[in-house]
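Accompanying notes for the structure given below.
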Amino acid sequence: MSIRKLQGSSTEKSLSEQEQLTKINDVRKILGPVADKLPVLCSDASISRYLRARNWNTKKAAKMLKNTMKWSLEFKPEKIQWEDISNEAATGKVYRANYLDKKGRAVLIFRPGFQNTSDIRGQIRHIVYCMENAVMTLNPDQEQMVWLIDFQGWTMSCISVKAARETAYILQNHYPERLGAGILYNPPKVFESFWTLVKPFIEPKTYKKVRFVYSKEPQSQKLMEELFDMDKLDCTFGGRNAAGFNYEAYAQWMREDDKKRFDMMYPGSSSSPPSIVSESQSSETWTPSGISVASDEDDCSSGDEKTLNLENIDEKTQGLPLSCEDVTGSEAVDAVKELEKGELA
Numbered sequence: 001m002s003i004r005k006l007q008g009s010s011t012e013k014s015l016s017e018q019e020q021l022t023k024i025n026d027v028r029k030i031l032g033p034v035a036d037k038l039p040v041l042c043s044d045a046s047i048s049r050y051l052r053a054r055n056w057n058t059k060k061a062a063k064m065l066k067n068t069m070k071w072s073l074e075f076k077p078e079k080i081q082w083e084d085i086s087n088e089a090a091t092g093k094v095y096r097a098n099y100l101d102k103k104g105r106a107v108l109i110f111r112p113g114f115q116n117t118s119d120i121r122g123q124i125r126h127i128v129y130c131m132e133n134a135v136m137t138l139n140p141d142q143e144q145m146v147w148l149i150d151f152q153g154w155t156m157s158c159i160s161v162k163a164a165r166e167t168a169y170i171l172q173n174h175y176p177e178r179l180g181a182g183i184l185y186n187p188p189k190v191f192e193s194f195w196t197l198v199k200p201f202i203e204p205k206t207y208k209k210v211r212f213v214y215s216k217e218p219q220s221q222k223l224m225e226e227l228f229d230m231d232k233l234d235c236t237f238g239g240r241n242a243a244g245f246n247y248e249a250y251a252q253w254m255r256e257d258d259k260k261r262f263d264m265m266y267p268g269s270s271s272s273p274p275s276i277v278s279e280s281q282s283s284e285t286w287t288p289s290g291i292s293v294a295s296d297e298d299d300c301s302s303g304d305e306k307t308l309n310l311e312n313i314d315e316k317t318q319g320l321p322l323s324c325e326d327v328t329g330s331e332a333v334d335a336v337k338e339l340e341k342g343e344l345a
């Protein structure tokens, strides 16, 4: 993806293409050899997203990116397959729509009122799977998506603050600049109390992209018509598409996407990737809040600090979406330790 000149707001820097490239190269220098080991995660487009998330502060962006490297080595998002999350997906509480918005952005539909489990780890793994799937299917000239949140059947008992906090943490810190717009459709009055509880965990830059939309308000209808082709948009959101969520059809679609992803990662291979549920994962491994994360005010490492050593990462990882697929269990532990010794300390 080419570097674009960004139109900055009063609180966001606006840099020329050359200035952006200089910042990207500065981050790559801070990362050191790890940038060559993980070329996809450390691509210009990826680094640019982390820089934009940190208002082009190279040290903060580098630290944020290294936190994602550590998380991806532990959580292994690229290994999650449909069969790992099929139970969580049964009610269609989170799924990717089969249409794009008018800007060509992928659309993820959230229906929190259809929550069907109390397993927070499983819920987060399901959301990460959906995010990875949506990212994989983005058009080359697009890097953002739209979230449509349907509040049908939602009550305060449908979701916990802990689950919301952990979800917000992962989406903000490991998928920066992926959200183009968030539509909260017909939220009940009681949701305002929940929003008040969750909002402190959401960065201002993120919640400014969120819109409260109500079916009976003309202005809300106009917004939806500006964003979507109404013939494709679900009738739940005021569109004219009455197809709804079909679990069996969606399951087949996701299995096909899993195969495409595997074929991209392992061209010519006839085997299947190991299922993440077959691996031992302790709560210390997966819990996002257990990972040290610097705030925007934290000082980050400089080029003078120790260069990270990820020599244990196999060269095969260079072709993977998150570049961690071929790291074995012991190698992942070693890599995480090296990350913790460096700028994450």
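In the UniProt record's numbering, the protein residues as written are 1 to 345.
Using N, Cα and C, we set each Cβ at its ideal position, and we do this for glycine too.
Whole-Å CB distance - residue i paired with residue j, under 8 Å assumed
| i | j | result |
| --- | --- | --- |
| N133 | M264 | Actually they are not in contact, since the Cβ atoms of N133 and M264 sit about 13 Å apart, beyond 8 Å. |
| E143 | A53 | That pair is no contact at about 12 Å. |
| T236 | D150 | 5 Å |
| K232 | Y99 | 4 Å |
| M156 | V190 | 6 Å |
| A106 | L138 | 6 Å |
| A62 | I30 | 4 Å |
Residue i in three-state terms, based on DSSP
| i | result |
| --- | --- |
| V210 | strand |
| I149 | strand |
| G122 | helix |
| L73 | helix |
| A97 | coil |
| A134 | helix |
| Q252 | helix |
| C158 | helix |
| A168 | helix |
| E88 | coil |
| P112 | helix |
| residue 357 | Because residue 357 is not part of the residues shown, which for the chain are 1 to 345, the question remains open. |
| C324 | Any reading at C324 is ruled out, since the residue's pLDDT is 45, under 50, leaving its predicted position unreliable. |
| K139 | The sequence given here places Asn at residue 139; Lys does not occur at that position. N139: coil per DSSP, three-state reduction. |
| W82 | helix |
| L31 | helix |
| E17 | helix |
| T117 | coil |
Residue from the options with nearest C-alpha to residue i
| i | options | result |
| --- | --- | --- |
| G92 | G268, E256, D257 and N246 | N246 |
| P204 | F110, N55, G268 and N67 | N55 |
| I127 | L138, L108, Q142 and S118 | L108 |
| P140 | K162, I124, N116 and K103 | K103 |
| E166 | K199, A242 and S48 | K199 |
| F262 | K79, T117, N87 and A106 | K79 |
| K76 | I170, Y214, E226 and T196 | I170 |
| H174 | A45, P218 and T68 | T68 |
| G182 | M230, Q115, E248 and F110 | F110 |
| C158 | K260, E226 and P112 | P112 |
Paired residues, beta bridge with residue i - DSSP
| i | result |
| --- | --- |
| V107 | V146 |
Residue i beta carbon near the ligand ATP (any heavy atom closer than 7 Å)
| i | result |
| --- | --- |
| M264 | In the structure shown, the ligand ATP is absent, as is every other ligand, since no ligand is present at all. |
query = Taking only runs of the alpha helix (DSSP H) that begin and end inside the stretch 171 to 248, which ones reach a length of at least 4 residues, in chain order?
reply = If you keep only unbroken alpha helix (DSSP H) runs of at least 4 residues inside the stretch 171 to 248, you get 191 to 198, 204 to 207 and 218 to 227.
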